[in-house]
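Trainee: My questions will all concern the structure given below.
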Amino acid sequence: MARIGGSYSSQYLVLAREESAQDVIEIFNRFDVYIQDLEELNASSSLATKALKGKFALTVIFIQTVFIIIYAFFVCYGEDADASNPKNYFLDSAKTKDSDLHSLYPMFQDNNAIIFIGIGFLYTFLRKYSYNGVGMNMLLSAISIQLAILTHNWWNTIDGKIHIDGTSLITGEFAAASAVIALGGVFGKISNLQMIIFTLFEVLIYTTNEHYCITGLHISDIGESVSLHMFAGIYGCTVAYAVDRKANVKNNPNEAPSYESNLFCMLGTVLLWCFWPSFNSSLSTGNAQYRSVINTFLALLGSCLTAFAISSLVHKNKKFTMGHIQNATLAGGVAIGTTSDLMVQPFGALLIGAVGGMICVLGFKYVGVRNY
1 MARIGGSYSS
11 QYLVLAREES
21 AQDVIEIFNR
31 FDVYIQDLEE
41 LNASSSLATK
51 ALKGKFALTV
61 IFIQTVFIII
71 YAFFVCYGED
81 ADASNPKNYF
91 LDSAKTKDSD
101 LHSLYPMFQD
111 NNAIIFIGIG
121 FLYTFLRKYS
131 YNGVGMNMLL
141 SAISIQLAIL
151 THNWWNTIDG
161 KIHIDGTSLI
171 TGEFAAASAV
181 IALGGVFGKI
191 SNLQMIIFTL
201 FEVLIYTTNE
211 HYCITGLHIS
221 DIGESVSLHM
231 FAGIYGCTVA
241 YAVDRKANVK
251 NNPNEAPSYE
261 SNLFCMLGTV
271 LLWCFWPSFN
281 SSLSTGNAQY
291 RSVINTFLAL
301 LGSCLTAFAI
311 SSLVHKNKKF
321 TMGHIQNATL
331 AGGVAIGTTS
341 DLMVQPFGAL
351 LIGAVGGMIC
361 VLGFKYVGVR
371 NY
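Mapped onto the UniProt record's numbering, the consecutive letters of the sequence shown carry residue numbers 1 to 372.
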């Protein structure tokens, strides 16, 4: 009986081993099928990515080609830069009329730093999109400036041509600022190709809106707080709502910053804070430009103090919040932009900046979707 029991048990063990071996083989076969499916999925996604990148490159090349053709037929130098202009024949500097280059070029370079470096680093606040923020900011700014030189100046053509000068370059930079500010509403929600289309429409609508605000409504907006900043915010938020209205924006992991991203974003904030007086006073002249620099700087000082104070006040542990500091310290420059060249008096500039900084922090804390 022992032998019989032993034989039965040994046979049972052999059968069990065979069944387990078959199960293992079946599992591996299924695993091979899953691997093949994943490889096919990755291959198709990579092909789609390559196709999308191909469309992106062709679109950028096409846009630049169109710009070159349009500039060849409809854009020429302004009289100060045109060597064929009779007033530029004289070699004697005493007989040559001074151009506006010496007064505009410092403002032009400051605006370059604001757009390409300041706003670029400001878009590193999202750890997942930091590289894309800096890179696409540069590309979209370059596209915006070229387009804005056309759309901003086709109202003032001479003999069917746009005469480009220092002011044209600065207004082009303003359009680029509007485009990349509006980009904040859809940043991380659309592809790079969609960003280009988004920018083309934004610049076209912005320059048209600005023209009618200044010439039609005759508003005072030397720093373009209304026609640039307000418009960019409305445009960006509207497109973001239309593109992804059902997204769970609150507590989205893609919204999270990191220590490094916050550090680089703060670098952009400091640069913007230092150069903002040049932005608001770029198109002013004489004593109005002098006032614009003073008022803007005072407003920035007021918003800086208020931002730090209110940020620590609304925090449960009475600490500073980087999201507040990165944005609210700049609120004074935006708030004073419309009236920066007017006689608001120094205390008025400080008051406008302080109120702007306070409202910005409270908006981030109680109205914004991110948990600051």
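Note that CB positions come from ideal geometry on N, CA and C, so glycine has one too.
For the alpha helix (DSSP H) holding histidine 211, just list the boundary residues, first then last.
Mentor: 192-211 is the extent of the alpha helix (DSSP H) around histidine 211.
Trainee: Do asparagine 262 and glycine 223 count as a contact pair if the criterion is CB distance below 9 angstroms?
Mentor: No. Outside cutoff.
Trainee: Can you list, in chain order, the residues of its chain with a C-beta nearer than 6 angstroms to that of isoleucine 294? Leave out the 5 residues immediately preceding and following it.
Mentor: For isoleucine 294, where only same-chain residues beyond five positions count, there are no Cβ hits under 6 angstroms.
Trainee: Pick out whichever of Gln146, Thr167, Ile162, Phe125 has its Cα sitting closest to the Cα of alanine 179.
Mentor: That would be Gln146, whose Cα lies nearest to the Cα of alanine 179.
Trainee: Flag this pair as touching only if the segment 196-212 and the segment 127-147 have three or more C-beta atom pairs under 8 angstroms; answer yes or no.
Mentor: Taking 8 angstroms as the limit for Cβ pairs, the verdict is that the segment 127-147 does touch the segment 196-212.
Trainee: Is the beta carbon of isoleucine 115 less than 9 angstroms from the beta carbon of asparagine 137?
Mentor: It is a contact, given that the beta carbons lie within the stated cut-off.
Trainee: Return the residue from the list Met107, Gly120, His229 that minimises the CA-CA distance to serine 141.
Mentor: Comparing Cα-Cα distances from serine 141 to each of Met107, Gly120, His229, the minimum goes to Gly120.
Trainee: Please check the pair valine 367 and serine 311, which I expect to be a contact at CB under 8 angstroms, by giving their CB distance rounded to whole angstroms.
Mentor: Not confirmed; about 15 angstroms, so no contact.
Trainee: Could you tell me if asparagine 153 is buried or exposed, where buried requires 16 or more neighbouring beta carbons within 10 angstroms of its beta carbon?
Mentor: The residue is buried, with at least 16 neighbouring Cβ atoms inside 10 Å.
Trainee: List the whole-angstrom C-beta distance separating isoleucine 214 from leucine 283, where the pair is believed to meet the contact cut-off of C-beta under 8 angstroms.
Mentor: Not really, about 10 angstroms apart at Cβ, beyond 8 angstroms.
Trainee: State the start and end residues of the unbroken alpha helix (DSSP H) segment that holds histidine 324.
Mentor: First-last of the alpha helix (DSSP H) with histidine 324: 322-328.
Trainee: Measure from the alpha carbon of leucine 101 to the alpha carbon of each residue in Thr167, Thr65, Phe67, then state which is nearest.
Mentor: Closest by alpha carbon: Thr167.
Trainee: Who are histidine 315's beta bridge partners in DSSP?
Mentor: According to DSSP, histidine 315 bridges with nothing at all.
Trainee: Which residues does DSSP pair with cysteine 360 in a beta bridge?
Mentor: DSSP lists no partner for cysteine 360.
Trainee: On a Cα-Cα basis, can you pick out the residue from Met107, His218, Ile162, Leu139 that is closest to phenylalanine 73?
Mentor: Answer by Cα proximity: Ile162.
Trainee: Taking contact to mean 3 or more Cβ pairs, one atom from each stretch, closer than 8 angstroms, check whether the segment 334-354 and the segment 286-306 are in contact.
Mentor: The segment 334-354, when compared against the segment 286-306, does touch it at the 8 angstroms Cβ threshold.
Trainee: Go to isoleucine 164, then tell me how far its beta strand (DSSP E) extends in each direction, as first and last residue.
Mentor: 162-164 is the span of the beta strand (DSSP E), which, as asked, contains isoleucine 164.
Trainee: Among Lys189, Lys316, Ile219, Tyr259, whose alpha-carbon lies nearest the alpha-carbon of glycine 236?
Mentor: Of the listed residues, the one whose Cα sits closest to glycine 236 is Lys189.
Trainee: For glutamate 202, count neighbouring Cβ atoms within 10 angstroms of its own Cβ and tell me buried if that reaches 16, exposed if not.
Mentor: Buried, because 16 or more other Cβ atoms sit within 10 Å of the Cβ of glutamate 202.
Trainee: Could you tell me whether the Cβ of cysteine 265 comes closer than 9 angstroms to any Cβ of chain D?
Mentor: Among the protein chains of the structure shown there is no chain D, as only one such chain exists.
Trainee: Rounded to a whole number of angstroms, what is the C-alpha to C-alpha distance between threonine 59 and tyrosine 71?
Mentor: Between threonine 59 and tyrosine 71, the C-alpha separation is close to 18 angstroms.
Trainee: In this structure, does DSSP put valine 75 in helix, strand or coil?
Mentor: Strand, per DSSP.
Trainee: Please classify threonine 199 as buried or exposed, where buried requires at least 16 neighbouring CB atoms within 10 angstroms.
Mentor: Answer is buried; the Cβ neighbour count reaches 16.
Trainee: For aspartate 244, I'd like the list of residues in its chain whose CB is within less than 7 angstroms of its CB, leaving aside the five on either flank, ordered along the chain.
Mentor: If we look at aspartate 244 and ignore the five residues flanking it on each side, its Cβ neighbours are Lys189.
Trainee: Of the residues Ile359, Tyr290, Ile63, which one's Cα is nearest the Cα of phenylalanine 308?
Mentor: The shortest C-alpha separation from phenylalanine 308 is found at Ile359.
Trainee: Taking DSSP as the reference, what is the three-state secondary structure of isoleucine 158?
Mentor: In this structure, isoleucine 158 counts as strand in the three-state DSSP scheme.
Trainee: Quick one: using the 10 Å Cβ neighbour count with 16 as the cut-off for buried, is glutamine 109 buried or exposed?
Mentor: Per the 10 Å Cβ criterion, exposed.
Trainee: Assuming threonine 321 and threonine 269 are in contact, meaning their beta carbons sit under 8 angstroms apart, how far apart are those beta carbons, in whole angstroms?
Mentor: About 13 angstroms separates the two Cβ atoms, so there is no contact after all.
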